[in-house]
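Visitor: In the working numbering, the protein residues as written are -11 to 456.
Even glycine gets a Cβ: it sits at the ideal position worked out from N, Cα and C.
A quick note: this is a predicted structure, and the numbers were derived from the prediction, not measured.
(1) Nearest to residue 286 by CA position, among 86, 410 and 106, is which residue?
(2) Got a sec? Which residues, its chain only, sit under 8 Å from residue 322 by beta carbon, not counting five neighbours each side?
(3) Taking residue 188 as the reference, which of 395, 167 and 304 has the closest Cα?
(4) Could you give the DSSP three-state label for residue 300: helix, strand or coil?
(5) Just the C-alpha distance for residue 431 and residue 371, rounded to the nearest angstrom, thanks.
(6) If we count the other Cβ atoms within 10 Å of its Cβ and call it buried at 16 or more, is residue 115 buried or exposed?
(7) Please work out which residues of its chain come closer than 8 Å, Cβ to Cβ, to residue 169, disregarding the five sequence neighbours upstream and downstream, and give them in chain order.
(8) Could you spell out where the alpha helix (DSSP H) holding residue 345 opens and where it closes?
(9) In chain order, which alpha helix (DSSP H) runs of at least 4 residues are fully inside the region 261 to 336?
(10) Name, in chain order, the residues that DSSP records as bridge partners for residue 373.
(11) Check whether the region 149 to 158 and the region 216 to 233 touch, using three or more Cβ-Cβ pairs below 8 Å as the test.
(12) How many Å lie between residue 326 and residue 273 at the Cα?
(13) By the 10 Å Cβ neighbour count, where 16 or more other Cβ atoms means buried, how is residue 324 classified, buried or exposed?
(14) Relative to the C-alpha of residue 191, which residue among 373, 234 and 232 is closest?
(15) Assess, as a yes-or-no matter, whether the region 155 to 166 is touched by the region 350 to 357 under the definition of 3 or more beta carbon pairs within less than 8 Å.
(16) Just to check my reading of the structure: residue 398 and residue 442 have Cβ atoms closer than 8 Å, yes? What is that Cβ distance to the nearest angstrom?
(17) Is the shortest distance between the beta-carbon of residue 156 and the beta-carbons of chain B less than 8 Å?
(18) When you compare each of 365, 112 and 402 to residue 418 by their alpha carbons, which one comes out closest?
(19) With residue 194 as the anchor, note down where its beta strand (DSSP E) starts and where it stops.
(20) Suppose the cutoff is 6 Å on Cβ atoms and the five residues either side in sequence are ignored; what does the same chain contact list for residue 276 look like?
(21) Does the region 433 to 452 touch the region 378 to 388, meaning 3 or more C-beta pairs lie closer than 8 Å?
(22) Could you give the distance in angstroms between the alpha-carbon of residue 231 and the alpha-carbon of residue 257?
(23) From residue 438 to residue 425, what distance separates their C-alpha atoms?
(24) In chain order, what residues of the same chain have a beta carbon less than 8 Å from the beta carbon of residue 366, not counting five sequence neighbours either side?
(25) Around the Cβ of residue 41, are there at least 16 other Cβ atoms within 10 angstroms (buried) or fewer (exposed)?
(26) May I ask you to report which of helix, strand or coil DSSP gives residue 440?
(27) So the candidates are 270, 415, 387 and 233; which of them puts its Cα closest to the Cα of residue 332?
(28) Can you tell me the Cα-Cα spacing of residue 407 and residue 414, whole angstroms?
(29) Going by DSSP in three states, residue 110 sits in which element: helix, strand or coil?
(30) Measure the C-alpha to C-alpha separation of residue 350 and residue 329 and round it to an integer number of angstroms.
(31) Residue 217 by DSSP, collapsed to three states: which one?
(32) Secondary structure at residue 226, three-state DSSP: helix, strand or coil?
Right under this line is the structure:
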């Protein structure tokens, strides 16, 4: 072994010194000698030295092909020379947990697997395993980082909640001041805002809480830059304002959406119309009420096996994908609207702004510094959260036009209206008198299931003839 490695060391020395050593055959010969020395060292149980008693050469001192071969040999042997920290091969001491390492391995396997009908079942199983590992990694990191410390969560107030998400120095603090009048420090350097700054925006009789969250960076979903705390606070909002710099590449929008998606936030999506329930016996009761273009029974069974669910009832009421099924099985996804606010439009041309408007959905250009388009932004916030104003009318009095009851979402029933006032109001509810666009006649006697419209007037009649 010493003689063979000595020949390899001499060839390396001649190559470093630039001596004429038959350049057309030096590299193949050197590769052959390295391989031969490696095989002999395996028999002797050595550490594969290059030259008798020599240390590993630095990769930068090799030729390109020799460096690639050295990398391959290190991979085959499970690691090369010891690093400064005493670890080798990227297995230990690389700062990654077991779950993170397995996540990286699965992502690499998915990247090199061809997508066709024969491999879809395997890919679905890998996606389910990946989702489980990411949830496990999140739970482990949360336990490790638990304990006392400064957080970003603030007490919820008002009728709805809006959060600002974006990279540093995109104008979020200036926009908060424009919308709410609350001062938030703004400067020309990054990470000016280091904690959550709340404010309240008054619009159309409603009080909407606005949260100016610290800027996030790429890798926030993995904990970089306290990104998990920022995105975790964003999960509690009713609307996300994705604040972007119009002078920066549009790819910033994709990066932020990927960070939010990795943390379980689904932007501008509705929850999948999939019914799922675990059972104690009976195997898988699978029904597809709509024709499926992606999922098959075999793919569903492969996904459920990864979650160790042998017995379940599953009804697909839409043309679903494997990702939507995994989201339903995980059960911790948050679906919320998102508005893409491109700030600093005063620094781009009108033609550039028109291109952005034609290519991007949910697009709104503003200038927080000059206050351009701020009124339109307030209207968009109102419409994206689907807010509805309902006025109360006490018996024998005029309606209270100053303080409406604000209902969120598409379901605006009389029952939800009563719960917004007080949950015990339903115990004595008899019927409601409704004036407005939803009433067929004035006033209409309505029950709990009656759907209200914006600016309706409601008077609740209790049992025993009382009204409120």
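Guide: Reading off the structure:
(1) For this step, residue 286 is matched to residue 298 along the chain shown. If you compare the alpha carbons of 86, 410 and 106 with that of residue 286, the shortest gap goes to 106.
(2) What you label residue 322 is simply residue 334 of the chain shown in a count that begins at 1. Hits under 8 Å: 223, 252, 253 and 254.
(3) As a working mapping, residue 188 is identified with position 200 in the chain shown. Of the candidates 395, 167 and 304, the one whose C-alpha sits nearest the C-alpha of residue 188 is 167.
(4) Mapped onto the chain shown, residue 300 falls at position 312. Judged by DSSP in its simplified three-state form, residue 300 adopts strand.
(5) Position 443 of the chain shown, counted from the start, is the residue given in the question as residue 431. Position 383 of the chain shown, counted from the start, is the residue given in the question as residue 371. Near 27 Å, if we compare the C-alpha coordinates of residue 371 and residue 431.
(6) Within the chain shown, numbered from 1, the residue matching residue 115 stands at position 127. By the neighbour-count rule (16 or more Cβ atoms within 10 Å), residue 115 is buried.
(7) Along the chain shown, read from residue 1 onward, the residue named residue 169 stands at position 181. The answer, listed in chain order, is 187.
(8) Locating residue 345 in the chain shown gives position 357, counting from the first residue. Bounds of the alpha helix (DSSP H) holding residue 345 are 338 to 347.
(9) Taking 4 residues as the shortest admissible run, the region 261 to 336 contains the following complete alpha helix (DSSP H) segments, listed from N- to C-terminal end: 285 to 294 and 310 to 318.
(10) On the chain shown, position 385 is the one that residue 373 refers to. Residue 373 pairs with nothing; no bridge assigned.
(11) Yes: at least three Cβ pairs fall under 8 Å.
(12) Along the chain shown, read from residue 1 onward, the residue named residue 326 stands at position 338. Along the chain shown, read from residue 1 onward, the residue named residue 273 stands at position 285. Going from the Cα of residue 326 to the Cα of residue 273 covers about 36 Å.
(13) Walking along the chain shown from the start, residue 324 turns up at place 336. Residue 324 should be labelled buried.
(14) In the chain shown, counting from the first residue as 1, residue 191 sits at position 203. Answer by Cα proximity: 373.
(15) With three or more CB-CB distances shorter than 8 Å, the region 350 to 357 counts as touching the region 155 to 166.
(16) Within the chain shown, residue 398 is the residue found at index 410, counting from 1. Within the chain shown, residue 442 is the residue found at index 454, counting from 1. With 8 Å as the limit, residue 398 and residue 442 do not qualify as a contact, their Cβ atoms being about 12 Å apart.
(17) As a matter of chain content, chain B is missing from the structure shown, which is built from one protein chain.
(18) Here residue 418 is taken as the residue at index 430 of the chain shown, counted from 1. For the residues 365, 112 and 402, the minimum Cα distance to residue 418 belongs to 402.
(19) The residue labelled residue 194 in the question sits at position 206 within the chain shown. Taken as a continuous stretch (DSSP letters only), the beta strand (DSSP E) holding residue 194 covers 194 to 200.
(20) For the purposes of this step, residue 276 is taken as residue 288 along the chain shown, with counting starting at 1. Answer for residue 276: 304, listed in chain order.
(21) At 8 Å Cβ cutoff, the stretches touch.
(22) For this step, residue 231 is matched to residue 243 along the chain shown. For this step, residue 257 is matched to residue 269 along the chain shown. When rounded, the distance between both Cα atoms is 19 Å.
(23) Here residue 438 is taken as the residue at index 450 of the chain shown, counted from 1. Here residue 425 is taken as the residue at index 437 of the chain shown, counted from 1. Going from the Cα of residue 438 to the Cα of residue 425 covers about 12 Å.
(24) As a first step, residue 366 must be located in the chain shown, where it is residue number 378. Excluding residues up to 5 positions away in sequence, 167, 189 and 191 lie with their Cβ nearer than 8 Å to the Cβ of residue 366 in the same chain.
(25) Stepping through the chain shown from its first residue, residue 41 is reached at position 53. Residue placement at residue 41 is poorly supported in this model, since its pLDDT is 45, which falls under 50; the coordinates still yield a value, given next. With fewer than 16 Cβ atoms within 10 Å of its Cβ, residue 41 is classed as exposed.
(26) To locate residue 440, count along the chain shown from 1; it is residue 452. DSSP places residue 440 in coil when its eight states are reduced to three.
(27) By 1-based counting over the chain shown, the position of residue 332 is 344. Taking each of 270, 415, 387 and 233 in turn and checking the Cα distance to residue 332, the smallest one comes out for 233.
(28) Locating residue 407 in the chain shown gives position 419, counting from the first residue. Locating residue 414 in the chain shown gives position 426, counting from the first residue. Rounded to the nearest angstrom, the gap between the Cα atoms of residue 407 and residue 414 is 7 Å.
(29) Within the chain shown, the letter at position 122 stands for residue 110. Helix.
(30) Along the chain shown, one-based indexing puts residue 350 at 362. Along the chain shown, one-based indexing puts residue 329 at 341. Straight-line Cα distance between these residues: approximately 8 Å.
(31) As a first step, residue 217 must be located in the chain shown, where it is residue number 229. Taken through DSSP and simplified to helix, strand or coil, residue 217 comes out as helix.
(32) As a first step, residue 226 is located in the chain shown; it is residue number 238 there, counting from the start. Taken through DSSP and simplified to helix, strand or coil, residue 226 comes out as coil.
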